[in-house]
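Okay, structure first, notes after.
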Amino acid sequence: MVRPPDALTALSRRFTSPLRSPRLTAHLGLWLAAAFTVCFATGLLSHAIQHPPGWFHWPARPVQLYRITQGLHIATGLACFPLLTAKVWSVFPKLFAWPPARSVPHALERGAVALLSGAALFELVTGLLNIAYWYSLMPFGFVGAHYWTAWLLIGAMLMHLAAKLPVIQAAPPADRSRRNVLALVGAAAGVITVATVGQTVRPLRRLSVLAPRLPDVGPQGLPVNKTAAAAGVATVDASYRLQVSGPGGRHAFSLADLEALPQHTATLPIACVEGWSATAEWTGVRVVDLLRLVGAADLDLPVAVESLQPAGAYRTSTLEAGPARDPLTLLALRVGGAPLHPDHGYPCRLIAPNRPGVLQTKWVGALTVLSA
Amino acid sequence: MRPALLVAGLAVTGYGAYGWLTHDGAQPLGQLVFLAVLLVTHDFVVVPAVILAGAALARWVPGPARTPVRAALVVSAAVSVVALPFIVGAGRIADNPSAFPQHYGRGLALVLAVVWTAAAAWTAVNLRRRR
Chain V
1 MVRPPDALTA LSRRFTSPLR SPRLTAHLGL WLAAAFTVCF ATGLLSHAIQ HPPGWFHWPA
61 RPVQLYRITQ GLHIATGLAC FPLLTAKVWS VFPKLFAWPP ARSVPHALER GAVALLSGAA
121 LFELVTGLLN IAYWYSLMPF GFVGAHYWTA WLLIGAMLMH LAAKLPVIQA APPADRSRRN
181 VLALVGAAAG VITVATVGQT VRPLRRLSVL APRLPDVGPQ GLPVNKTAAA AGVATVDASY
241 RLQVSGPGGR HAFSLADLEA LPQHTATLPI ACVEGWSATA EWTGVRVVDL LRLVGAADLD
301 LPVAVESLQP AGAYRTSTLE AGPARDPLTL LALRVGGAPL HPDHGYPCRL IAPNRPGVLQ
361 TKWVGALTVL SA
Chain W
373 MRPALLVAGL AVTGYGAYGW LTHDGAQPLG QLVFLAVLLV THDFVVVPAV ILAGAALARW
433 VPGPARTPVR AALVVSAAVS VVALPFIVGA GRIADNPSAF PQHYGRGLAL VLAVVWTAAA
493 AWTAVNLRRR R
């Protein structure tokens, strides 16, 4: 066996912090495992809502559920930054262990550790870059890479748990100095949370001086993800017609026609996949009332919502049969009592309970009852 | 329990690796380079820097200030990392002022001011106790 350079072995003996211990590492590991599980579950959920497999159905209630799960996804991920660095710090001398692998199981164990740290860093950093829209740094598409790396992370985490279970079980209780390290890491995570979570927890808005969004900043006091100009939607004129089609026929509604239909008001959040959310009072026509006019109010059929925007991944969205007929699901013409700002989807937008913001289609041009 | 965890871990990793390499729009080389650069930077630059800072602190910062300064450094570093992309502001969109509406450099300065004021107060308490 080749001997490592003396400098390397000597180096690893110089990391002498008495704070490192299996107990501390196990503690940090369990915190991270819990956090990654929360991120994985909420992330899979958000993915399933946006790309639903056949068996998946997402209800319209509780109204606030998606806002909470996605707010949690982002807040938990951001809080993991100090945890992850502390975890690697706590085992740092082991990085220089010699020989690098003593056996095949040991090689697999170390491989899983490398995959786990790499995947964890990948998820935290790409997630942060995504909420900051810094896409030029990522030489790949964010959504697919972030989604699939999450599976690698969870797989590597399970293998790492399998390897380390005896260490976790044998570790003595934390003593005072180790509790201090945990308190310090917790404090760093806490400061990050307070500085950002106001983007969805409104009472903390003033404290969140680093929040990427503020729930009351934007046209009509509401944030915007894609502006009308960015979506390529021209100013809508009097020739606008909303096309509604179903088994009972086809109807075209001008804006005046829509305003003449019974108006309903609902207080609903816009909850973005990027973790911010804002509640507003929306007024407009119930989607179920429009479906009734094309003979589809009582049918168990989904509805396609199509935007006037010429292109883009979120040009259309599908309303499941149940939520499409929910009394809170509106084609909103107004927000806070005033006609929608173009950036909020003038002349009308979909607003439905418990639904990701990217699926709350703006500049709606057509509602089509689907056949299945 | 351990064999079950191992089998589940291998299965999930296998599924993840397959999707990682073959999903619609996958760029395996770009993904791999990005992951490797992060791993090497974190484990061989960031963590050693933390260790060096800790060693310097133990050597040069006097006893009553040591723990407060250590705590303030850790919190400052963590918050700065999260704030950095927003301070750089590469993702700002000219026609959408509601995205990143705050002055993030000033925001970070404010957080650091609070953190270091707390560290100074903590040091003062330590000094007082000592007398």
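If you read the protein sequences in the order shown, they are chains V and W. This note's numbering puts the first residue of the first sequence at 1, with every later residue one more than the last. This note's numbering puts the first residue of the second sequence at 373, with every later residue one more than the last. By construction, the Cβ of each residue, glycine as well, lies at the ideal position given by its N, Cα and C atoms.
Query	Result
Burial state of serine 317 of chain V, where buried means 16 or more other Cβ atoms lie within 10 Å	buried
Alpha helix (DSSP H) runs contained entirely in the region 136-172 of chain V, provided each spans 4 or more residues	142-170
Contact set between leucine 411 of chain W and chain V, taken where Cβ atoms lie within less than 8 Å	Ala114, Ser117, Gly118, Leu121
Threonine 16 of chain V versus isoleucine 465 of chain W: straight-line alpha-carbon distance, rounded	48 Å
Cutoff 9 Å: glycine 381 of chain W Cβ touching any chain V Cβ	yes
Near-chain V residues of the region 427-440 of chain W (beta-carbon distance less than 7 Å), N- to C-terminal order	none
Below-9 Å beta-carbon distance, valine 483 of chain W vs any chain V residue	yes
Touching by the beta-carbon criterion (3+ pairs, under 8 Å), the region 235-254 of chain V and the region 173-183 of chain V	no
Boundaries of the beta strand (DSSP E) in which histidine 251 of chain V is found, first to last residue	249-253
Inter-residue spacing [alpha-carbon to alpha-carbon] between lysine 362 of chain V and tryptophan 494 of chain W	52 Å
Assigned exposure category for serine 46 of chain V - 16 Cβ within 10 Å defines buried	buried
Residue nearest to proline 215 of chain V in terms of C-alpha spacing, selected from V:Ala231, V:Ser117, V:Leu137, V:Arg67	V:Arg67
Where methionine 1 of chain V falls, given that 16 or more other Cβ within 10 Å makes a residue buried	Because methionine 1 of chain V carries a pLDDT of 49, less than 50, the predicted location of this residue cannot be relied on, and the following value inherits that uncertainty. Exposed: under 16 other Cβ atoms inside 10 Å.
Residues that proline 212 of chain V contacts on chain W, provided the C-beta gap is smaller than 8 Å	Phe458, Ala471, Phe472
Stretch-stretch touch, CB-based, cutoff 8 Å, three pairs: the region 328-340 of chain V with the region 266-283 of chain V	yes
Cα-Cα separation, alanine 408 of chain W to valine 358 of chain V	32 Å
Range covered by the alpha helix (DSSP H) that runs through isoleucine 465 of chain W	From DSSP, isoleucine 465 of chain W is part of no alpha helix (DSSP H); its letter is neither H nor E.
With 16 other Cβ atoms within 10 Å as the buried cut-off, status of glycine 29 of chain V	buried
Burial state of phenylalanine 81 of chain V, where buried means 16 or more other Cβ atoms lie within 10 Å	buried
Spatial distance of alanine 189 of chain V from leucine 290 of chain V (CA atoms)	48 Å
Distance, serine 117 of chain V Cα to alanine 383 of chain W Cα	19 Å
Chain W residues whose Cβ lies nearer than 9 Å to that of glycine 373 of chain V	Within the shown structure, residues of chain V are numbered from 1 to 372, placing residue 373 of chain V beyond reach of any answer.
Beta-carbon proximity of alanine 231 of chain V to glutamine 309 of chain V, cut-off 9 Å	yes
Contacting residues, own chain, Cβ-Cβ under 7 Å from arginine 499 of chain W (five flanking each side not counted)	Just to set this straight, residue 499 of chain W is leucine in the shown sequence, not arginine. Answer for leucine 499 of chain W: Pro436, listed in chain order.
Beta-carbon proximity list for histidine 264 of chain V, same chain, < 8 Å, skipping 5 on both sides	Thr283, Gly284, Val285, Arg286, Pro327, Leu330
7 Å Cβ cut-off: residues of chain V touching arginine 501 of chain W	None at all; the shortest Cβ gap to chain V is about 17 Å.
Below-9 Å beta-carbon distance, lysine 226 of chain V vs any chain W residue	yes
Min CB distance methionine 1 of chain V to chain W below 9 Å	Confidence at methionine 1 of chain V is low in this model, with a pLDDT of 49, below 50, so its placement is unreliable and the value that follows should be read with caution. By this cut-off, methionine 1 of chain V is not an interface position.
Interface positions of the region 396-421 of chain W facing chain V (Cβ-Cβ less than 9 Å), listed along the chain	Asp396, Gly397, Ala398, Gln399, Pro400, Leu401, Gly402, Gln403, Val405, Phe406, Leu407, Ala408, Leu410, Leu411, Thr413, His414, Asp415, Phe416, Val418, Val419, Pro420
Arginine 213 of chain V to proline 53 of chain V span [Cα, whole Å]	31 Å
Contacts of glycine 218 of chain V in chain W (Cβ-Cβ under 7 Å)	Ser470
Selected residue, minimal CA-CA separation from arginine 442 of chain W, among W:Ala425, W:Val453, W:Phe458, W:Ser452	W:Ala425
Three-state secondary structure assigned by DSSP to tryptophan 282 of chain V	strand
CB contact flag (proline 347 of chain V, leucine 268 of chain V, <9 Å)	no
Limits of the alpha helix (DSSP H) - the one that glutamate 109 of chain V falls within	104-131
Whole-Å CB distance - leucine 152 of chain V paired with glycine 463 of chain W, under 8 Å assumed	With a Cβ gap of about 26 Å, leucine 152 of chain V and glycine 463 of chain W do not count as contacting.
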